[in-house]
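**Student:**
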Amino acid sequence: MRNELERNEAGRVNSPQEAARSVSVTRDLLLLAWPAITENLLQSAMGFADSFFVSRLGLEAVAAVGVSNALLQVFFAVFLAVATASGTFSARATGAKDAAAVQRATVQALWLAALVGLICGLLALVLAGPLLTVMGAAPEVRAAGETYFRIVAVPSVVIAVMSTAGAVLRGAGDTRAALRAGLWMNAAHVVLDPLLIFGLGFSGLGLVGAGVATVLARLLGAGLLLARLRRAGTLPSSWRGAGPDWGLMRRMSRLSVPTALERLAMRFGQIVYFGLILRLGTEVYAAHTLTGNFTLFASVAGTGLAAAISARVGQRLGAGDEGEARRYALSGIWVSSVLMTALALLAWVASFWGASLFTSDARVVALIVLALGIDVLTQPATGVVTALTATLQAGGDTRFPMWTTLVGIWGVRTVGVYLLGVRWGLGLAGVWLAILLDNSLRAFALWLRYRSGRWIQGL
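Just so it is clear: in the sequence shown, position 70 is 69 by numbering that gives the first Met the number 0, and no numbers are missing.
#1: Can you confirm whether the region 307-316 touches the region 161-178 when touching is taken to mean that 3 or more C-beta pairs between the two stretches lie within less than 8 angstroms?
#2: Let me check understanding here. Comparing Cα to Cα, which of 136, 154, 304 and 434 lies closest to residue 64?
#3: Smallest Cα separation from residue 400: which of 371, 426, 378 and 438?
#4: Let me know the secondary structure DSSP gives residue 244 once reduced to three states.
#5: Would you mind sorting residue 281 into buried or exposed? The rule is 16 or more other CB atoms within 10 Å of its CB.
#6: With DSSP collapsed to three states, give me the class of residue 456.
#7: Below 8 angstroms, can you find three or more Cβ-Cβ pairs linking the region 361-380 to the region 332-352?
#8: If you draw a straight line from the alpha carbon of residue 156 to that of residue 388, how long is it in whole angstroms?
#9: Find the nearest neighbour of residue 448 within the set 395, 221, 109 and 77, judged by alpha-carbon distance.
#10: Once DSSP output is grouped into helix, strand and coil, what is the label at residue 396?
#11: Relative to the C-alpha of residue 30, which residue among 122, 305, 434 and 444 is closest?
#12: Give every residue of the same chain whose Cβ lies closer than 8 angstroms to the Cβ of residue 101, excluding the five residues on either side of it in the sequence, and list them in chain order.
#13: When the Cα of residue 220 is compared with those of 397, 61, 119 and 161, which residue comes out closest?
#14: Within its chain, find whatever has a CB closer than 6 angstroms to the CB of residue 84; leave out the 5 residues flanking it on each side and keep chain order.
#15: Looking at the structure shown, is residue 233 part of a helix, part of a strand, or coil, going by DSSP?
#16: Taking 7 angstroms as the limit between beta carbons, can you name the residues of its chain near residue 300, skipping five residues before and five after?
#17: Which ranges does the alpha helix (DSSP H) cover as unbroken runs of at least 4 residues, wholly within the region 355-427, from first to last along the chain?
#18: Give every residue of the same chain whose Cβ lies closer than 8 angstroms to the Cβ of residue 462, excluding the five residues on either side of it in the sequence, and list them in chain order.
#19: Just verifying my parser: in three-state terms, what is the DSSP assignment at residue 437?
#20: So what does DSSP say about residue 10, is it helix, strand or coil?
#21: State yes or no: is the C-beta of residue 104 within less than 9 angstroms of the C-beta of residue 165?
#22: Using only the alpha-carbon positions, how far apart do residue 445 and residue 451 sit?
#23: Taking the alpha-carbon of residue 127 as reference, which of 149, 326, 359 and 440 has the nearest alpha-carbon?
#24: Relative to the C-alpha of residue 145, which residue among 115, 66 and 99 is closest?
#25: Grab me the residues of residue 61's own chain with a C-beta within less than 8 angstroms of its C-beta, minus the 5 sequence neighbours each way, in chain order.
#26: In three-state DSSP terms, what is residue 153?
#27: Kindly list the residues whose CB is nearer than 7 angstroms to the CB of residue 456, restricted to its own chain and excluding five residues on each side of it in sequence; keep chain order.
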């Protein structure tokens, strides 16, 4: 079987039936991915709306929300790791057509998410002030940020459960339910934000109102996702006898921990090399930050495709069909690389006039265009990294992506930013060339791991 698959992957076997099947697989991935892509776009749009309303409260409020959200990203890394493991278990059980296993995995995933969420919420309650100080918040920002952070982070259990419920549904192939919940959640957020911040017939709550609006919207999203799980029969009608299964939760944790470390390595690595970029000057740092507004679309598309790839690869492995799992993985590589590169190319073309919407500084505009040009060259490798990371995680191999990220971010990207950008004077071009080198090397390493077959592991 594996020799036959390798011949197919090398292109030595290419029948019309296989070509037709590849087209069908590609279409299936796109149909599964578009709701996840749309959901992520909505989340980004609501983030912009939230920033818009908070900005009306002044710069201190903006800074308080910014530093709180940066800190909350650390919690999100842990929640998303639990969600990734939960989606993998859900996909495997769905592929095996084992409804009882799907229900067990869902219940234990929610227990694990609730436990992790409660721990993070307790940390936020007790350590909000010291954590904001470590983040470098000024005294006046810390006062406002401490209150806001406690409001949005103490109920972390809501975020954790919502992320996990969405991942379980996506693992089962139901990406539209998560999109519908996201639509209602974001609609509630955009209504509640101005209402609670500024008031309507009552005195507005200011920054506190922004935090409360966020929590209420997340409660709605979590409730809708749990209701969908109940209607699908994935949650038991009675929780009697559905208590924690510590053995199954430990197995989920073994998958979650490497993923959490991978995301944390990425997050802290970004903090370090962003500090290096600051040494290149305000204009360069501003250009790098504004470039993110243009690269967002390719990134969001990649995240949605990763959810679809992970679901289908996991389901096929659960059904015992390794060949079809590999077919979805290979199709995912091509779709991710082509789509993300196309979006990056459009962003680069649009930046010639679009960058001036963000700044009137001609040098900053030129730097944005330069960075996006290099990003176009980076996206094929980024697409491979996106697809193969999702594939390996669906196969139960979360450690190899963790190691590639650790080496890539700390050994290649951060060092590359220092050498190319700072030491050798290439500036922002050096920064983005370091990103290109990092993603290219990671893509190569992940491809070798995929070809070895060692990524297919038991759960």
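Think of the CB as a built atom: it goes at the ideal place given N, C-alpha and C, for glycine as much as any other residue.
**Tutor:** Straight from the coordinates:
#1: Counting Cβ pairs under 8 angstroms, three or more are found: they touch.
#2: Position 65 of the sequence shown, counting from 1, holds the residue named residue 64. The option with the nearest alpha carbon to residue 64 is 136.
#3: Stepping through the sequence shown from its first residue, residue 400 is reached at position 401. It is 438 whose Cα lies nearest to the Cα of residue 400.
#4: Numbered from its first residue, the sequence shown carries residue 244 at position 245. For residue 244, the secondary structure class from DSSP, reduced to helix, strand or coil, is coil.
#5: By 1-based counting over the sequence shown, the position of residue 281 is 282. That one is exposed.
#6: Here residue 456 is taken as the residue at index 457 of the sequence shown, counted from 1. Looking at residue 456 - three-state DSSP - the assignment turns out to be coil, as it is neither helix nor strand.
#7: By the Cβ test, the region 361-380 is in contact with the region 332-352, since at least three Cβ pairs between them sit closer than 8 angstroms.
#8: Reading the sequence shown from its first residue, position 157 is the one you call residue 156. Reading the sequence shown from its first residue, position 389 is the one you call residue 388. Approximately 27 angstroms, taken between the alpha carbons.
#9: By 1-based counting over the sequence shown, the position of residue 448 is 449. For residue 448, the nearest C-alpha among the options comes from 395.
#10: What you label residue 396 is simply residue 397 of the sequence shown in a count that begins at 1. In the structure shown, residue 396 sits in coil (DSSP, three-state: anything other than H, G, I, E or B).
#11: Looking up residue 30 in the sequence shown gives position 31. The shortest CA-to-CA distance from residue 30 to any of 122, 305, 434 and 444 is the one to 305.
#12: For the purposes of this step, residue 101 is identified with residue 102 of the sequence shown, where counting begins at 1. Correct list, in chain order: 89, 92, 93, 171 and 233.
#13: In the sequence shown, counting from the first residue as 1, residue 220 sits at position 221. Residue 161 is the option with its Cα nearest to residue 220.
#14: Indexing the sequence shown from 1 puts residue 84 at position 85. Spatial neighbours of residue 84 in its own chain (CB-CB distance under 6 angstroms, excluding positions within 5 residues in sequence) are listed in chain order as 251, 254 and 255.
#15: By 1-based counting over the sequence shown, the position of residue 233 is 234. Under the three-state reduction of DSSP output, residue 233 falls in the coil class, being neither helix nor strand.
#16: Mapped onto the sequence shown, residue 300 falls at position 301. The residues are 36, 338, 339 and 342.
#17: Those alpha helix (DSSP H) runs which fall completely within the region 355-427 and span 4+ residues are 361-393 and 398-405.
#18: Absent from the model: residue 462. The displayed extent of the chain is 0 to 458, so no value can be given.
#19: Position 438 of the sequence shown holds residue 437. The answer is helix: DSSP assigns residue 437 an H, G or I state.
#20: Position 11 of the sequence shown, counted from the first residue, corresponds to residue 10. Note that residue 10 has pLDDT 46, beneath the 50 cutoff, so the model's placement of it is unreliable and no number is given.
#21: Here residue 104 refers to the residue found at position 105 of the sequence shown. Here residue 165 refers to the residue found at position 166 of the sequence shown. Contact: no.
#22: Position 446 of the sequence shown holds residue 445. Position 452 of the sequence shown holds residue 451. The alpha-carbon separation between residue 445 and residue 451 amounts to approximately 10 angstroms.
#23: Taking the first residue of the sequence shown as position 1, residue 127 is located at position 128. If we check each option's Cα against that of residue 127, 149 comes out closest.
#24: Within the sequence shown, the letter at position 146 stands for residue 145. Of 115, 66 and 99, the residue nearest in Cα terms is 66.
#25: By one-based count along the sequence shown, residue 61 stands at place 62. Non-local beta-carbon contacts of residue 61 in its own chain, meaning distances under 8 angstroms to residues more than five positions away in sequence, involve 50, 53 and 54 in chain order.
#26: On the sequence shown, residue 153 is found 154 positions in, with the first residue counted as 1. Three-state DSSP puts residue 153 in coil, outside helix and strand.
#27: To locate residue 456, count along the sequence shown from 1; it is residue 457. So the list reads 394, 395 and 396, once near-sequence residues are dropped.
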